[in-house]
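Peer 1:
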Amino acid sequence: MLIKPFRPGDSARIAPSVITPEHVFEDRRRLLRAALAAGITGIGVSWPRAEAAPAALSYQRNERYSIADPPNSYQDVTSYNNFYEFGTDKSDPAANSGRFKPEPWTVTVVGEAEVTGRFSFGDLIKPHALEERIYRLRCVEAWSMVIPWVGIPLGDVLRRFRPTSRAKYVAFETVYRPEQMPGQRSNVLDWPYVEGLRIDEAMHPLTLLAVGVYGKSLPNQNGAPLRLIVPWKYGFKGIKSIVAIRFTEKQPPTSWNVSAPREYGFYANVNPLVDHPRWSQARERPIGRGAFNARVATQMFNGYEAEVASLYAGMDLRRNY
Ligand SMILES: Nc1nc2c(c(=O)[nH]1)N[C@H]1C(S)=C(S)[C@@H](COP(=O)(O)O)O[C@H]1N2
Ligand SMILES: [Mo]
149 MLIKPFRPGD
159 SARIAPSVIT
169 PEHVFEDRRR
179 LLRAALAAGI
189 TGIGVSWPRA
199 EAAPAALSYQ
209 RNERYSIADP
219 PNSYQDVTSY
229 NNFYEFGTDK
239 SDPAANSGRF
249 KPEPWTVTVV
259 GEAEVTGRFS
269 FGDLIKPHAL
279 EERIYRLRCV
289 EAWSMVIPWV
299 GIPLGDVLRR
309 FRPTSRAKYV
319 AFETVYRPEQ
329 MPGQRSNVLD
339 WPYVEGLRID
349 EAMHPLTLLA
359 VGVYGKSLPN
369 QNGAPLRLIV
379 PWKYGFKGIK
389 SIVAIRFTEK
399 QPPTSWNVSA
409 PREYGFYANV
419 NPLVDHPRWS
429 QARERPIGRG
439 AFNARVATQM
449 FNGYEAEVAS
459 LYAGMDLRRN
469 Y
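Note that the sequence shown covers residues 149 to 469 in our numbering.
(1) Below 8 Å, is the gap between the Cβ of N419 and the nearest heavy atom of ligand 1?
(2) Assuming the contact rule is C-beta atoms closer than 8 Å, L278 and S206 should be a hit. Round their C-beta distance to whole Å, please.
(3) According to DSSP, is A261 part of a helix, a strand, or is it coil?
(4) Which two residues bound the contiguous alpha helix (DSSP H) that contains P218?
(5) Alpha carbon to alpha carbon, how far is T396 from P367? Give it in angstroms, no decimals.
(6) Determine which residues share a DSSP beta bridge with Q223 and list them.
(7) Can you list, in chain order, the residues of its chain with a C-beta nearer than 7 Å to that of P219? Leave out the 5 residues immediately preceding and following it.
(8) Taking just the CA atoms, how far does A358 sit from S403?
(9) Counting along the chain, where does the beta strand (DSSP E) carrying V298 start and finish?
(10) Which of the three DSSP states is assigned to K385 in this structure?
(11) Among P425, G436, R308 and N441, which residue has its Cα nearest to the Cα of D217?
(12) With which residues is Y283 paired in a DSSP beta bridge?
(13) Given R394, which residues of its chain have a CB within under 6 Å of its CB, disregarding the five upstream and five downstream residues?
(14) Are there three or more Cβ pairs, one per stretch, closer than 8 Å when the segment 429-448 is compared with the segment 319-336?
(15) Less than 7 Å between C-beta atoms, sequence neighbours within five positions excluded: which residues of the same chain meet that for N244?
(16) Is it the case that the segment 377-390 contacts the segment 346-366, given that we only count it when at least three CB pairs across the two stretches are under 8 Å?
(17) Could you check if P241 belongs to the surroundings of ligand 1, using beta carbon to heavy atom distance under 8 Å?
(18) Shorter than 8 Å, the distance from the beta carbon of M463 to the closest heavy atom of ligand 1, or not?
(19) What are the boundary residues of the beta strand (DSSP E) that includes I435?
(20) Check whether the Cβ atoms of P425 and W291 lie closer than 9 Å to each other.
(21) In whole angstroms, what separates the C-alpha of K274 from that of T322?
(22) Go through the segment 359-426 residue by residue and report every complete run of the alpha helix (DSSP H) that reaches 4 residues or more, in order.
(23) Along the beta strand (DSSP E) that carries E453, what are the first and last residues, could you check?
(24) How is Y460 classed by DSSP in three states: helix, strand or coil?
(25) Alpha carbon to alpha carbon, how far is Y415 from K385?
(26) Whose beta carbon lies closer than 5 Å to any heavy atom of ligand 4, going through the chain in order?
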């Protein structure tokens, strides 16, 4: 995503009115902090604190959904990022996100579901056990990294809202805070960043709502306090710092598709057979492995063909890119 895309004009997106003023404090987190301040530690903290300094999480590794490749270093994972809200260079998110405040955090849930409303970070996360999954992140720019995420299957969270039969898609929106996110003061993308999944993709057991990486809560540059990971899709589907979730009947707009529709589709499934109009997707550069220009073959659906190909049965993947 090095080229500034054209601006396609306005697009329907989650109404600004769903963005919550951030005044909702999270009681349990305050209690926990009080406990920590009183020197009571090791009390089975099973849900994360989303603070600027990443905090240790407790979780179990999910071996079944982890790839065997050794993860990239913490340094690679936290210093080579795309997060245009903090700038377009790979080093910008780490350099420019220090003033971002991921706590307190509220997510607004709207649309085709029986349960909607505003939920604190703790409300969303607390009922669930955290798991670690080692996934390959395949960026549409043809590089990749292996990352140990900590999170919850997104479907487990979404089911609590009891989506109606009209919920065919789920839309997500990143926070809009130009005062804390200097990239939002430029027009490189239409802000806020928006993404979406078909409901069956969102409910697929591989789709993760990540709250941590390397056993700690997410650093700001990786999308604190919660972000999406869809491991069979290009990295840009993994929207960061989510503040709104909407269940919809119609396919929602997505930032890169709106910005450059010929180049980035709604599906964005990793597919070595379908080139980007300006470069091949057949191979990728694994960051931090061997020579800078060393490349390896990209796998269909990023290696998850057996698990996800059936979601797209009968679809032309050249048209639905
Ligand atoms: N809000 C937002 N989310 C975003 C992006 C962004 O610019 N803004 N970049 C995407 C892209 S292109 C990639 S490759 C991944 C990178 O995730 P990572 O920094 O944790 O590796 O985040 C995705 N999520
Ligand atoms: Mo990306």
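Ideal Cβ placement from N, Cα and C applies to all residues, glycine included.
Peer 2: According to the structure shown:
(1) no
(2) 7 Å
(3) strand
(4) Run containing P218: none; DSSP gives neither H nor E here.
(5) 30 Å
(6) Answer by DSSP bridge pairing: none, since Q223 is not bridged.
(7) I282, V294, I295 and P296
(8) 20 Å
(9) W291 to P301
(10) helix
(11) G436
(12) I295
(13) I162, V258, G259 and A319
(14) no
(15) F234, G235 and P330
(16) yes
(17) yes
(18) no
(19) I435 -> no beta strand (DSSP E), and no H or E assigned at all.
(20) no
(21) 21 Å
(22) 403-407
(23) Segment E453 to V456 is the alpha helix (DSSP H) holding E453; no beta strand (DSSP E) there.
(24) helix
(25) 9 Å
(26) Ligands in the displayed structure: ligand 1 and ligand 2; ligand 4 is not one of them.
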